[in-house]
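1 is the number of the first residue of the sequence shown in the working numbering; add one for each residue after it. Each residue gets a CB set at the ideal place from its N, CA and C atoms; glycine is no exception. Note that the coordinates shown come from a computational prediction; the quantities given were computed from them, not determined experimentally. One structure is given here, and the rest of the page talks about it.
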Amino acid sequence: MTTVTEREVRFGDARYGFSVGHGPESLGALTRKLEGLDADRFVIVADTGLTQDQIDSIARCAGEVAPTSVLTAVADEKAKSLDVVTALAERLIPTGITRRSVVIALGGGLVGNMAGLLSALVFRGIRLVHVPTTLLAMSDSVLSLKQAVNTSVGKNHLGTFYAPVFVWNHLDFLRTLPADEIRSALCEMIKNVLGIVPDRYDEVAARLRSDAQYTPEDFAWFIDLCVEAKCAVMRDDKTERGDALILEYGHTIGHAAELLTGGELRHGYAIGLGMLAVARIARELGLLTAEDEAAHRTLLALNGAPTVLPAGVTVEAVMRTIALDNKRGYVKATAGTRDLILLEGLGKPHRPGGAQITQVPEAIVRLGVESIAGEVA
């Protein structure tokens with residue numbers, strides 16, 4: 001069966017096409033979409049974890065339209081750096097690209113971020129097309145204008161906001177995706193349910209499977225939910241500094257855990273753990289009920305996601321790392337506190353003083369981190 005659905009995503013004044021397809025005609029439709037760009041050259045930045053057949057399938061689509069080159073990038077948190085983006089640029093420019101050329105980001109969110117930042121920087125901006133190959137990228141990272149890389153001391157410290165001309169989600173790429181990759185991606189969807197669309201909670205709970213065995217229709221349903229949730233908060237907040245900050249729910253502690261494992265802890269799993277920690281913190285502050293906190297754990301358990309930090313990631317290390325989180329500065333710093341995004345009920349961001357940032361005493365932050373460091377009542 002072949003299915004292609006198209007819609008427009010709007011984040012402020014940025015608008016781009018967002019297509020979801022599967023089956024043999026999906027790639028033919030992609031070729032027709034690329035024809036509409038009137039590009040003189042395509043350069044594919046491809047994830048080295050992809051098979052040659054996967055890379056060739058997109059190279060053929062682009063090659064039917066204009067001369068096409070393929071560069072590869074390693075999908076590794078340690079390689080997500082400005083040095084690697086510079087090296088890509090030094091391989092990209094000699095291909096003969098011009099301001100009419102297009103970069104195609106082919107891979108997961110990590111390679112998508114590097115290719116996205118590359119597109120934003122070369123010639124001060126050439127066109128970008130995302131062809132994500134993971135569920136996390138399809139349902140989360142390409143639904144944002146953020147393009148960023150890491151520094152040695154934290155995630156996503158260097159970046160900008162840059163929109164693609166369109167996103168093409170080819171669900172056939174998900175057929176060989178490991179179960180852990182699928183479960184990890186769905187942790188970000190769970191974040192959207194808990195923080196933005198709690199009215200979808202029961203539907204999601206009924207659809208989640210710990211074995212991660214889903215049909216293309218299931219994947220399309222999950223992606224559609226994420227599109228609706230993210231558009232709801234980003235429609236008037238394309239730089240994610242106001243209402244859309246809720247998309248960072250669980251990320252401060254989650255990013256710390258992810259960084260401390262060198263990326264071995266999958267991103268979505270890290271965010272799931274971060275959400276459990278901040279749910280405990282919010283409960284300690286009297287913002288969430290025990291039932292609200294349990295609702296976090298229930299969805300993550302139905303998804304088969306971990307609920308405890310990996311061995312070797314200590315509470316002390318997490319506390320040190322969150323001190324360098326990239327969300328610092330939205331509100332004036334207060335000694336002895338850490339800035340976190342919290343809920344005061346499912347779907348209800350806590351907004352002390354109107355900001356979506358809560359300054360939490362370090363002792364209470366520590367309690368939250370300790371709650372995911374082992375079995376804590």
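- In the three-state reduction of the DSSP assignment, A66 falls in the coil class, being assigned neither a helical nor a strand state.
- Between L265 and A257, the C-beta gap is smaller than 7 Å, which places the two residues in contact.
- For I281, the three-state secondary structure derived from DSSP is helix.
- Counting only unbroken stretches of 4 or more residues, the alpha helix (DSSP H) elements lying wholly within the stretch 264–322 are 267–284, 290–302, 315–322, in sequence order.
- In the pairwise beta carbon analysis, the stretch 159–167 is classified as touching the stretch 120–136: at least three pairs are separated by under 8 Å.
- The C-beta separation of G154 from L259 comes to about 7 Å, placing the pair in contact by the 8 Å criterion.
- Beta-bridge partners of E6 (DSSP): S19.
- Comparing alpha-carbon positions, the option among D325, E284, L27, L343 lying closest to I364 turns out to be E284.
- Here the stretch 179–199 lies against the stretch 291–308, with 3 or more beta-carbon pairs under 8 Å apart.
- In the three-state reduction of the DSSP assignment, G159 falls in the strand class.
- The DSSP-derived three-state label of G354 is helix.
- Excluding residues up to 5 positions away in sequence, G254, A257, E258 lie with their Cβ nearer than 6 Å to the Cβ of A270 in the same chain.
- When the beta-carbon positions are compared, A277 and V193 stay at least 7 Å from each other.
- With a 10 Å radius around the Cβ and a threshold of 16 neighbouring Cβ atoms, E217 comes out exposed.
- Straight through space, the alpha carbons of K327 and Q52 are spaced by roughly 38 Å.
- In this structure, T337 is the residue among L342, L346, T337 with its C-alpha nearest to the C-alpha of E362.
- Taking the C-beta atoms as reference points, S152 is found no nearer than 7 Å to R280.
- Taking the C-beta atoms as reference points, T334 is found no nearer than 7 Å to Q356.
- Rounded to whole angstroms, the gap between the alpha carbons of G286 and L92 is 53 Å.
- Judged by DSSP in its simplified three-state form, P164 adopts coil rather than helix or strand.
- Contact fails between the stretch 135–144 and the stretch 42–61, because fewer than three Cβ pairs, one in each stretch, are under 8 Å apart.
- Within the stretch 184–272, the complete alpha helix (DSSP H) segments of 4 residues or longer fall at 201–207, 216–234, 251–260, listed in chain order.
- Taken through DSSP and simplified to helix, strand or coil, L106 comes out as strand.
- DSSP places T151 inside the beta strand (DSSP E), whose first and last residues are 146–151.
- Taking a 10 Å sphere around the C-beta of A282, we find 16 or more other C-beta atoms and assign the residue as buried.
- The three-state secondary structure of I44, taken from DSSP, is strand.
- Here the alpha carbons of M114 and S81 stand approximately 8 Å from one another.
- Below 8 Å, too few C-beta pairs join the stretch 217–227 and the stretch 314–323 to call them touching: fewer than three.
- Residue range 24–35 is occupied by the alpha helix (DSSP H) that includes T31.
- In the DSSP assignment, T86 falls within the unbroken alpha helix (DSSP H) covering 82–92.
- In this structure G17 touches E8 by the C-beta definition: roughly 6 Å separates them, less than 8 Å.
- L340: member of the beta strand (DSSP E) spanning 337–340, first to last residue.
- Considering only V103, T252, E203, F173, the residue with the shortest C-alpha distance to S26 is F173.
- The Cβ atoms of A75 and G108 sit closer than 7 Å to each other.
- Under the three-state reduction of DSSP output, R124 falls in the helix class.
- The beta carbons of G272 and L300 sit closer together than 7 Å.
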